[in-house]
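Notes follow the structure.
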(Lines of atoms letter the chains of each structure in order from A and count residues from 1; the text may use other names and numbers.)
(Lines give C-alpha, C1' and ligand atoms only; values in the text may rest on other atoms or scores of the structure.)
Protein backbone atom coordinates (compact mmCIF):
# COMPACT_ATOMS: atom_id res chain seq x y z
CA UNK A 1 0.00 0.00 0.00
CA UNK A 2 1.23 3.47 -0.87
CA UNK A 3 -0.11 6.58 0.82
CA UNK A 4 0.74 10.20 1.47
CA UNK A 5 1.12 11.71 4.95
CA UNK A 6 1.97 15.02 6.59
CA UNK A 7 1.03 14.17 10.16
CA UNK A 8 3.82 14.72 12.68
CA UNK A 9 6.30 15.91 10.06
CA UNK A 10 6.17 19.68 10.42
CA UNK A 11 3.91 20.10 7.37
CA UNK A 12 6.25 18.23 5.03
CA UNK A 13 4.74 15.58 2.77
CA UNK A 14 6.13 12.05 2.78
CA UNK A 15 5.10 8.90 0.93
CA UNK A 16 4.62 5.75 3.00
CA UNK A 17 5.15 2.37 1.35
CA UNK A 18 3.91 -0.68 3.26
CA UNK A 19 4.85 -4.12 1.95
CA UNK A 20 3.78 -6.85 4.38
CA UNK A 21 5.72 -10.07 4.47
CA UNK A 22 9.20 -8.60 3.96
CA UNK A 23 11.95 -8.96 6.55
CA UNK A 24 13.56 -5.85 8.03
CA UNK A 25 16.72 -6.35 5.96
CA UNK A 26 14.65 -6.73 2.77
CA UNK A 27 12.77 -3.51 3.60
CA UNK A 28 16.08 -1.70 4.22
CA UNK A 29 17.39 -2.90 0.87
CA UNK A 30 14.14 -1.83 -0.83
CA UNK A 31 14.33 1.62 0.78
CA UNK A 32 17.86 2.10 -0.52
CA UNK A 33 16.93 0.97 -4.04
CA UNK A 34 13.80 3.16 -4.10
CA UNK A 35 15.74 6.23 -2.98
CA UNK A 36 18.30 5.69 -5.72
CA UNK A 37 15.69 4.99 -8.42
CA UNK A 38 13.34 7.84 -7.47
CA UNK A 39 15.99 10.42 -6.57
CA UNK A 40 14.69 11.14 -3.08
CA UNK A 41 15.58 10.42 0.52
CA UNK A 42 14.25 7.33 2.27
CA UNK A 43 14.30 5.68 5.66
CA UNK A 44 12.65 2.85 7.56
CA UNK A 45 9.99 3.67 10.11
CA UNK A 46 8.63 0.62 11.96
CA UNK A 47 7.31 -1.68 9.20
CA UNK A 48 7.20 0.80 6.31
CA UNK A 49 9.49 2.67 3.95
CA UNK A 50 9.22 6.47 4.18
CA UNK A 51 10.10 8.44 1.04
CA UNK A 52 10.64 12.19 1.18
CA UNK A 53 8.11 14.19 -0.83
CA UNK A 54 5.03 13.20 -2.81
CA UNK A 55 6.31 10.16 -4.71
CA UNK A 56 3.04 8.20 -5.07
CA UNK A 57 2.87 7.93 -8.86
CA UNK A 58 6.58 7.33 -9.31
CA UNK A 59 6.73 4.74 -6.51
CA UNK A 60 3.70 2.91 -7.91
CA UNK A 61 5.23 2.78 -11.40
CA UNK A 62 8.59 1.62 -10.01
CA UNK A 63 7.02 -1.16 -7.92
CA UNK A 64 4.93 -2.29 -10.90
CA UNK A 65 8.07 -2.46 -13.04
CA UNK A 66 9.58 -4.82 -10.44
CA UNK A 67 6.62 -7.14 -10.82
CA UNK A 68 4.58 -6.27 -7.74
CA UNK A 69 1.18 -7.56 -8.77
CA UNK A 70 -1.14 -5.41 -6.69
CA UNK A 71 -0.28 -1.86 -5.64
CA UNK A 72 -3.00 -0.20 -3.54
CA UNK A 73 -3.03 3.59 -3.35
CA UNK A 74 -4.33 5.23 -0.18
CA UNK A 75 -5.22 8.87 0.37
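Residue numbers (the working numbering): 15 to 89. Where is the CB? At the ideal position from N, CA and C, for every residue including glycine.
Helix, strand or coil for residue 56 per DSSP?
strand
For residue 58, which residues in the same chain have their Cβ closer than 8 Å to its Cβ, ignoring the five residues on either side in sequence?
38, 41, 42, 45 and 64
Check for me: the alpha helix (DSSP H) holding residue 72 runs from which residue to which?
70 to 80
From the DSSP output, in three-state form, read off residue 39 for me.
helix
Using the DSSP secondary-structure output, state which residues sit across from residue 62 in a beta bridge.
32 and 59
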